[in-house]
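Heads up, the thing below is written out as structure tokens.
Numbering (the numbering used here), first residue to last: 229 to 413.
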């Protein structure tokens, strides 16, 4: 996001971008306010569409793997994101019918790794923590989930391990069905 914005206006510093993004991802400001605060009010909504369409990509394996899991598992989204962006991207990539529950930080006012966003997910999905799996690429998010009793899978796209691995690790979504089956045997 920072390079995208600074490419359009190099005077906007990364701290401001990150500050306003955090506010938007907590639902404290709208996506319109995010762009306005950064000086792009006159370019909205085109700049937002350019960013979302040009910079954010879907893993090519994800949709087919998620569809294959829907019959056996209840899928949910737990994401730190701006609510308008998340809604747009789920529609763009045809994801809306795949998830039983969607919890977006910009809608609930909490971001991972805050425990509250995980408890909101558990309340909405009506499942015990031990019957859930969180897949994430950030150790701090996995750590909080594991503290709540949620099983964890570290997504290591670049095969980079760090201080807190999940209960399992995958490098590709194609590995997910097998790992999920092992977890719930």
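Yeah, the Cβ is synthetic: ideal placement off N, Cα and C, and Gly gets one too. Source: prediction; values computed, not measured.
Annotation for residue 344: 338 place their beta carbon closer than 7 Å to its own, counting only its chain and skipping 5 residues before and after. The residue from 409, 411, 406, 400 with its alpha-carbon nearest to that of residue 288 is 400. Residue 319 sits away from residue 255, with the two beta carbons spaced by 7 Å or more.
Shown here, residue 285 sits in coil according to DSSP, grouped into three states, outside any helix or strand. Around the C-beta of residue 394, 16 or more other C-beta atoms lie within 10 Å, and the residue is accordingly described as buried. Pairwise C-beta distances place the stretch 355 to 366 out of contact with the stretch 309 to 323, as fewer than three of them are shorter than 8 Å. Cβ neighbours of residue 328 within its own chain (closer than 7 Å, five residues either side excluded): 302, 303, 304, 353.
The beta carbons of residue 248 and residue 268 sit no closer together than 7 Å. For residue 382, the enclosing beta strand (DSSP E) covers residues 379 to 383. Residue 296 is classed as exposed because its beta carbon has fewer than 16 other beta carbons within 10 Å across all chains shown.
Only buried fits residue 308, as 16 or more other CB atoms lie within 10 angstroms of its CB.
The beta carbon of residue 360 lies closer than 6 Å to those of 378 in the same chain, with the five residues before and after it left out.
Only buried fits residue 253, as 16 or more other CB atoms lie within 10 angstroms of its CB. Assignment of residue 409 by DSSP, reduced to helix, strand and coil, places it in the helix class.
Per DSSP, residue 262 is one residue of the alpha helix (DSSP H) stretching across 259 to 265.
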